[in-house]
Amino acid sequence: MKPAFRNLSPEAPCVEILWDGAPLQLPNGANLAGALLAAGIGTFRKTPVSGAPRAPYCMMGSCYDCLVTIAGVTRQACQVTVSAGLVVAPAGGSDA
Amino acid sequence: MRDLLILGAGPAGMAAATEAARLGLSATLLDEAEGPGGQIYRAITTGGASRAPLLGADYMHGATLAKDLMASPVEQIFTATVWDIAKSAEGVTLTYSRNGQAAQITGKTLLLVTGAIERPVPIPGWTLPGVMTAGAGQILLKASGILPERAVLAGSGPLLYLLAVQMARAGMPPLALVETQSTRDILRAAPLLLPGLRGWRTLLKGLGLLAELRRHGVRRITAATDLAVLGTDHATALRFRAQGRVQEIACATVMLHQGVVPNTQATRALRLDHQWLPRQRAFAPVCDASGATSAPGIYVAGDGSGIAGAKAAADAGRLAALTIAASLGHLTEAARRAQSRAPAARLSAERALRAFLDTAYPVPEAVLRPADGTTVCRCEEITAGQIRNWGRKGAMGPNQLKAFGRPGMGPCQGRSCALTLTELLAETHGSSPAEIGLGRIRPPLKPVTLGELASLHEGDTPL
Numbered sequence: 001m002k003p004a005f006r007n008l009s010p011e012a013p014c015v016e017i018l019w020d021g022a023p024l025q026l027p028n029g030a031n032l033a034g035a036l037l038a039a040g041i042g043t044f045r046k047t048p049v050s051g052a053p054r055a056p057y058c059m060m061g062s063c064y065d066c067l068v069t070i071a072g073v074t075r076q077a078c079q080v081t082v083s084a085g086l087v088v089a090p091a092g093g094s095d096a
Numbered sequence: 097m098r099d100l101l102i103l104g105a106g107p108a109g110m111a112a113a114t115e116a117a118r119l120g121l122s123a124t125l126l127d128e129a130e131g132p133g134g135q136i137y138r139a140i141t142t143g144g145a146s147r148a149p150l151l152g153a154d155y156m157h158g159a160t161l162a163k164d165l166m167a168s169p170v171e172q173i174f175t176a177t178v179w180d181i182a183k184s185a186e187g188v189t190l191t192y193s194r195n196g197q198a199a200q201i202t203g204k205t206l207l208l209v210t211g212a213i214e215r216p217v218p219i220p221g222w223t224l225p226g227v228m229t230a231g232a233g234q235i236l237l238k239a240s241g242i243l244p245e246r247a248v249l250a251g252s253g254p255l256l257y258l259l260a261v262q263m264a265r266a267g268m269p270p271l272a273l274v275e276t277q278s279t280r281d282i283l284r285a286a287p288l289l290l291p292g293l294r295g296w297r298t299l300l301k302g303l304g305l306l307a308e309l310r311r312h313g314v315r316r317i318t319a320a321t322d323l324a325v326l327g328t329d330h331a332t333a334l335r336f337r338a339q340g341r342v343q344e345i346a347c348a349t350v351m352l353h354q355g356v357v358p359n360t361q362a363t364r365a366l367r368l369d370h371q372w373l374p375r376q377r378a379f380a381p382v383c384d385a386s387g388a389t390s391a392p393g394i395y396v397a398g399d400g401s402g403i404a405g406a407k408a409a410a411d412a413g414r415l416a417a418l419t420i421a422a423s424l425g426h427l428t429e430a431a432r433r434a435q436s437r438a439p440a441a442r443l444s445a446e447r448a449l450r451a452f453l454d455t456a457y458p459v460p461e462a463v464l465r466p467a468d469g470t471t472v473c474r475c476e477e478i479t480a481g482q483i484r485n486w487g488r489k490g491a492m493g494p495n496q497l498k499a500f501g502r503p504g505m506g507p508c509q510g511r512s513c514a515l516t517l518t519e520l521l522a523e524t525h526g527s528s529p530a531e532i533g534l535g536r537i538r539p540p541l542k543p544v545t546l547g548e549l550a551s552l553h554e555g556d557t558p559l
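Chains as they are written, first to last, in the working numbering: chain A, 1 to 96; chain B, 97 to 559.
Pasting the structure below:
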């Protein structure tokens, strides 16, 4: 899918992380939720209630829709900074 | 034990901390973000300032506040997630997590400056990926330097104009602004303009934004009703009714806004007295002009005590710091009064325009009390119809609703639905939101891992 977001400063140096098992280059030190959106990740997780797809809604730690797991711990992607080697996956399973 | 703990590093927190240090208080400032700024000045000391031409002079004002803070001796703890606040005879203890560890910090007094959150905008399709708040759009621009490619901004309020202008300046204007307020709302607000004229600077800025939008040729549709986001796995269009017909605009992103409301998670967890603000259609902690709440030694300032904007927040923070310093014997009452005059006058001018803005950009009934089929609790996926049904079955308040379903009990702990639950129950029982009240908030305020809990050494040893 064509990314829905455009990066205004694409020259930032990138590091490699794993998203749902696949390598992804993201700007080092960037906000994880913003960086995933800019990389074209449109769905962050599926809800445990109905399996509905979700992605960041508020970007300020309030809505909890950007939940991912990082090394197995559930975190708000909008409150995490990108660093080399992060192992990130959709919260609640990898079928998102 | 410190003199003052400050929770939140937005304009109110930065100004209060700087002022407290100037007055000789030992103060510690905690925030969840990586640096100062809060949401309005997000990333002001990191990437945000490099985008000054897009973001404008108002955003850059935050750099002044941050510089003063950085030059002060205030202890600053960032990336700290506070998840418990406990009162004791001596003062207050905050418990927080940072880098996977937990710690406690104690203070004689506490200033809660936790700001605002976006008002929930429960319309059909608002849970789809691709739907965000206008505030999220601003944060993505400030902190990440990214903008949506094909976006529609929808709802009501001056923030939509600011975001649209910033997008247009970046060469990526929104496809359209779909606004819910009508000419009738503006006319109804007109008599409030004269008493609000002390806020003329804000008014001029708003008119300037509208003129800039016209120059950029951004399409504006007003008096829109029946808003719905279409799509199955992702937003694909916004549908609405305007000019007597149903219209659709295909898009990849919808950014919603119906104003902001005080973030009351921490003040409610502390069981402070709260009041219903009928014009803002929100609750706020009860406080006096200095921010003193119903609990001795606990103060509030900024948008968390009622929406008035960033400039007002900074002055409210200064006023609270002056009062706290006087209460701890660092300042005479006469000096407090003299030094409070200038910030109090500025605060009053900043607040003058609020009545006009709240009336000119009202929240539509269909957003306050959505149709039965609309999801209101995003986490537990509960509809407005279910809430009304449980209300008819005897749930008199948000706490009783929890026994029927789980509204407000998911990961967000009601941040995205609390006001809607209250409005729906008030409608069902023919009472007022003030009578219904809000649900209880209990610790932890934010999720905490067992590992973090196990690492906690009680006492006063900051990480």
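Quick reminder that beta carbons are idealized off the backbone N, C-alpha and C, glycines included.
| Item | Value |
| --- | --- |
| Nearest chain B C-beta to residue 53(A) closer than 7 Å, yes or no? | yes |
| Buried or exposed: residue 146(B), going by 16 or more other Cβ atoms within 10 Å of its Cβ? | exposed |
| Which bits of chain B does residue 39(A) rub up against, with CB to CB less than 7 Å? | Near residue 39(A) there are no residues of chain B at all, since even the closest Cβ is about 10 Å away, more than 7 Å. |
| Looking at residue 111(B) and residue 161(B), is the spacing between their C-beta atoms short of 7 Å? | yes |
| Does the beta carbon of residue 42(A) sit closer than 7 Å to a beta carbon anywhere in chain B? | yes |
| Touch check for the region 289 to 301 of chain B and the region 319 to 334 of chain B: three-plus C-beta pairs under 8 Å? | no |
| Measuring straight from C-alpha to C-alpha, what distance separates residue 70(A) and residue 87(A)? | 6 Å |
| Who pairs with residue 180(B) in a beta bridge, going by DSSP? | 191(B) |
| Kindly indicate which residue of 92(A), 73(A), 80(A) has the alpha-carbon position closest to the one of residue 546(B). | 73(A) |
| State the DSSP-derived secondary structure class of residue 399(B), mapped to helix, strand or coil. | helix |
| Confirm the yes/no value for this check: CB of residue 416(B), any heavy atom of the ligand GTP, distance under 6 Å. | In terms of ligand content, the structure shown is empty, and the ligand GTP therefore cannot be addressed. |
| List, from N- to C-terminal side, the beta strand (DSSP E) runs of 3 residues or more that fit wholly inside the region 411 to 496 of chain B. | 471 to 473 |
| Look at the alpha carbon of residue 430(B) and the alpha carbon of residue 393(B), and state the distance between them as a whole number of angstroms. | 20 Å |
| Of all the beta strand (DSSP E) runs that stay within the bounds of the region 353 to 390 of chain B, which reach a length of 3 or more residues? | 356 to 358, 370 to 373, 378 to 381 |
| Within 10 angstroms of the Cβ of residue 65(A), are there 16 or more other Cβ atoms? Answer buried if so, exposed if not. | buried |
| Tell me the residue span of the beta strand (DSSP E) that contains residue 321(B). | 321 to 326 |
| Is the beta carbon of residue 101(B) closer than 7 Å to that of residue 206(B)? | yes |
| For residue 225(B), which residues in chain A fall below 8 Å Cβ to Cβ? | 42, 43, 44, 53, 54, 55 |
| Could you check what DSSP says for residue 203(B) in three-state terms: helix, strand or coil? | strand |
| Do you know how far the Cα of residue 368(B) is from the Cα of residue 346(B)? | 46 Å |
| Just how far apart, CA to CA, sit residue 130(B) and residue 203(B)? | 23 Å |
| Establish whether the CB of residue 251(B) and some CB of chain A are separated by less than 7 Å. | no |
| For residue 136(B), which three-state DSSP category applies? | coil |
| Once DSSP output is grouped into helix, strand and coil, what is the label at residue 78(A)? | helix |
| Can you find the residues in the same chain that come closer than 8 Å, C-beta to C-beta, to residue 150(B), ignoring five residues on each side of it along the sequence? | 237, 262, 265, 266 |
| In whole angstroms, give me the CA-to-CA distance for residue 340(B) and residue 279(B). | 15 Å |
| Name the DSSP bridge partner or partners of residue 213(B)? | 357(B) |
| Rounding to the nearest angstrom, what Cα-Cα distance links residue 62(A) and residue 508(B) in this structure? | 6 Å |
| Hey, residue 453(B) and residue 351(B): beta-carbon distance below 7 Å or not? | no |
| Applying the 10 Å Cβ sphere with the 16-neighbour rule, what's the burial state of residue 489(B)? | exposed |
| Where are the beta strand (DSSP E) runs, 3 residues long or more, that stay fully inside the region 280 to 322 of chain B, in chain order? | none |
| Interface residues of chain B around residue 73(A) at Cβ under 9 Å? | 196, 545, 547 |
| Give the secondary structure of residue 336(B) by DSSP, where H, G and I count as helix, E and B as strand, and everything else as coil. | strand |
| Anything in the region 512 to 526 of chain B with a Cβ closer than 7 Å to a Cβ of chain A? List those residues in chain order, please. | 512 |
| Determine contact between the region 214 to 227 of chain B and the region 184 to 202 of chain B, defined as no fewer than three beta-carbon pairs at a distance below 8 Å. | no |
| Using the C-alpha atoms, what's the distance from residue 90(A) back to residue 188(B)? | 37 Å |
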